[in-house]
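*Asks:* Have a look at this one.
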Amino acid sequence: MLAYDYPLLGLFWTMMIFFLWIAWLFLLFRVFADIFRSKDMGGFAKALWSIFVIIVPFLGVFLYVIVRGRSMSERDVADAKQREAEFQAYVRETAGSAGSAEEIAKLADLRDKGVITDEEFAAQKAKLLA
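What follows is the structure in structure tokens.
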């Protein structure tokens, strides 16, 4: 009754309902993704959760979050750690490869310190430049 007296309040309620609906849709897709990526559930359990979420969407989504929310977040954390480790390995692999100029500079420094001879330096330099 109040929303009809104040059109701005009606707009507010419409927008709030719309955004809550969008948030629920995001949660619904998130629950379906979690159902199918979960390795600790068998096929029958996945099918039952899927059917329950399809038949009774609001109740199914909220019950799934209540019952399996902790394992859902644990899988998210494990996936994030795995992606971070893969990224760090990629960065180390990419940044770790020194160019031939840097390698030649290191060889020259070793030659200047007397660790390697001029012939060894020339052989390594030719090998790097080839």
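With my numbering, letter number 9 in the sequence shown gets 224, and the count goes up by one each step, no holes. Note that beta-carbon positions come from the ideal geometry of N, C-alpha and C, so glycine has one too. It should be emphasised that the depicted structure is a prediction, and the values quoted were computed from it without experimental measurement.
Given a cut-off of 8 Å on the beta-carbon distance, is the pair W264 and I250 in contact?
*Replies:* Here the question's residue 264 lines up with position 49 in the sequence shown. Here the question's residue 250 lines up with position 35 in the sequence shown. Cβ distance < 8 Å, so W264 and I250 count as in contact.
*Asks:* Determine whether the beta carbon atoms of L322 and I331 lie at a separation below 8 Å.
*Replies:* Position 107 of the sequence shown holds residue 322. Position 116 of the sequence shown holds residue 331. Yes, the Cβ-Cβ distance between L322 and I331 is below 8 Å.
*Asks:* Determine the contact status of F174 and V271, defining contact as a CB-CB distance below 8 Å.
*Replies:* A query on residue 174 cannot be resolved here, the shown segment of the chain reaching from 216 to 345 and no further.
*Asks:* Out of G225, W239, K340, F234, state which residue places its alpha-carbon closest to the alpha-carbon of A316.
*Replies:* Residue numbering aside, residue 316 sits at position 101 when the sequence shown is read from its first letter. Checked all of G225, W239, K340, F234; the closest Cα to A316 is K340.
*Asks:* Looking at R283 and R252, is the spacing between their C-beta atoms short of 8 Å?
*Replies:* Indexing the sequence shown from 1 puts residue 252 at position 37. Indexing the sequence shown from 1 puts residue 283 at position 68. For R252 and R283, no; Cβs fall outside 8 Å.
*Asks:* Given a cut-off of 8 Å, decide if V276 and L242 are closer than it, judged by their beta-carbon atoms.
*Replies:* As a working mapping, residue 242 is identified with position 27 in the sequence shown. As a working mapping, residue 276 is identified with position 61 in the sequence shown. Against a cut-off of 8 Å, the Cβ pair of V276 and L242 comes out as a contact.
*Asks:* Cα separation between A293 and A337?
*Replies:* Counting from one through the sequence shown, the residue named residue 293 turns up at place 78. Counting from one through the sequence shown, the residue named residue 337 turns up at place 122. Straight-line Cα distance between these residues: approximately 50 Å.
*Asks:* In whole angstroms, what is the alpha-carbon distance linking E308 and F302?
*Replies:* In the sequence shown, the residue the question calls residue 308 occupies position 93. In the sequence shown, the residue the question calls residue 302 occupies position 87. Between E308 and F302, the C-alpha separation is close to 10 Å.
*Asks:* Could you pull out every residue in the same chain whose Cβ sits closer than 8 Å to the Cβ of F273, ignoring the five residues on either side in sequence?
*Replies:* For this step, residue 273 is matched to residue 58 along the sequence shown. Result list for F273: W239, in chain order.
*Asks:* How far does the alpha helix (DSSP H) with G329 in it extend, from its first residue to its last?
*Replies:* Translated into positions along the sequence shown, residue 329 becomes position 114. Counting along the chain, G329 falls outside any alpha helix (DSSP H), and DSSP gives it neither H nor E.
*Asks:* If you follow the alpha helix (DSSP H) that G257 is part of, which residue opens it and which one closes it?
*Replies:* Working through the sequence shown from its first residue, we reach residue 257 at position 42. Here G257 belongs to no alpha helix (DSSP H), and DSSP marks it neither H nor E.
*Asks:* Can you give me the Cβ contacts of L325 inside the same chain, cut-off strictly under 7 Å, excluding the 5 residues immediately before and after it?
*Replies:* Mapped onto the sequence shown, residue 325 falls at position 110. Here the set comprises I331.
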